[in-house]
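Counting from 2, one number per residue, gives the positions in the sequence shown under my numbering.
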Amino acid sequence: MDQQRPVTIEISGFKKRDALSVKYSFIRSVDSDGQPTSKVTIGGIRVKVKALEDGNTEFSEWMCDPFEYKEGKVIFQSTDKFKKMKELEFKRGYLVYYQETYDEAGGVIEEFEISPQEIKVGGASLKEVWSGGIV
């Protein structure tokens, strides 16, 4: 029986995945004295998952479609009782990085980065104002 991981990712239209690692950030520029000089922006959501062993190519297909965006969430659970600890929700997320790696010890790993227009973590939320580009 597979052990449940404490972090899962759910993306609209995709199979739910257990995450091996998740990293997300908010970014703000500062001057040489450390004083903030810009508004807060979304830094992206970087995720590693073990590839499904069913020939699934949903992430590479998403990456190759420059107009496709998705909604989704990352659910962080406490490791002792697997109760939801917090949830990161994103809207209008574009896949901006995708890599698939094989390692004999770990198998096939998919790593990707989502650039969302909107993100919410607990009581913190941020929505980017996008203009121009391909979207």
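All C-beta atoms in this analysis are idealised placements derived from N, C-alpha and C, irrespective of residue type, glycine included.
Query raised in the report: For the putative contact between G123 and K87, defined by C-beta atoms under 8 Å, what is the C-beta separation to the nearest angstrom?
Result: Locating residue 123 in the sequence shown gives position 122, counting from the first residue. Locating residue 87 in the sequence shown gives position 86, counting from the first residue. Sure, about 6 Å apart at Cβ, within 8 Å.
Report task. Quickly, what does DSSP pair P117 with across the bridge? List them, please. Result -> On the sequence shown, position 116 is the one that residue 117 refers to. Under the DSSP definition of a beta bridge, P117 partners with G94.
Query raised in the report: According to DSSP, is F15 helix, strand or coil?
Result: Taking the first residue of the sequence shown as 1, we reach residue 15 at position 14. DSSP places F15 in coil when its eight states are reduced to three.
Query - 8 Å contact criterion, which I115 and L96 should meet: CB distance rounded - result: Indexing the sequence shown from 1 puts residue 115 at position 114. Indexing the sequence shown from 1 puts residue 96 at position 95. Sure, about 6 Å apart at Cβ, within 8 Å.
**Report entry** Nearest-angstrom Cα separation, counted from T42 out to R29
**Finding:** Within the sequence shown, numbered from 1, the residue matching residue 29 stands at position 28. Within the sequence shown, numbered from 1, the residue matching residue 42 stands at position 41. R29 and T42: Cα-Cα distance of roughly 6 Å.
Query raised in the report: Given a threshold of 16 other Cβ atoms within 10 Å of its Cβ, counted over all protein chains shown, does Y70 qualify as buried or as exposed?
Result: The residue given as residue 70 occupies position 69 in the sequence shown. Its Cβ being crowded by 16 or more others within 10 Å, Y70 is buried.
Query raised in the report: How would you write the range of the beta strand (DSSP E) that F77 sits in, first residue to last?
Result: In the sequence shown, counting from the first residue as 1, residue 77 sits at position 76. Its beta strand (DSSP E) spans residues K71 to Q78.
Query raised in the report: What number of angstroms, rounded off, separates the C-alpha of G56 from the C-alpha of Y103?
Result: Residue mapping note: residue 56 aligns to position 55 of the sequence shown, counting from 1. Residue mapping note: residue 103 aligns to position 102 of the sequence shown, counting from 1. Distance between the alpha carbons of G56 and Y103: 14 Å.
Report task. State buried or exposed for V50, treating a residue as buried only when at least 16 other CB atoms are found within 10 Å of its CB. Result -> The count along the sequence shown starts at 1 and reaches residue 50 at position 49. So V50 counts as buried.
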